[in-house]
């Protein structure tokens, strides 16, 4: 596995873990992140999901060639 593949795995995994962490924090611990409005929370998770999908698709296309 090359360094580029590792960076893609790391960035996509990090985005996924960050989104899961925000959801867990929002619904279970009600901490500071929960003070964000629901709309901004949706946008934040949507941005993280888009980054994850783009990096995952790029990685898959890269491995096919």
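Residue numbers (this note's numbering): 914 to 978. All residues carry an ideal CB built from backbone N, CA and C; glycine is no exception. Keep in mind that this is a model prediction, so the values were computed, not measured.
What do you get for residue 923, buried or exposed, if any count of 16 or more other CB atoms within 10 angstroms of its CB means buried? exposed
*In chain order, what residues of the same chain have a beta carbon less than 7 angstroms from the beta carbon of residue 931, not counting five sequence neighbours either side?*
961
- Within 10 angstroms of the Cβ of residue 953, are there 16 or more other Cβ atoms? Answer buried if so, exposed if not. exposed
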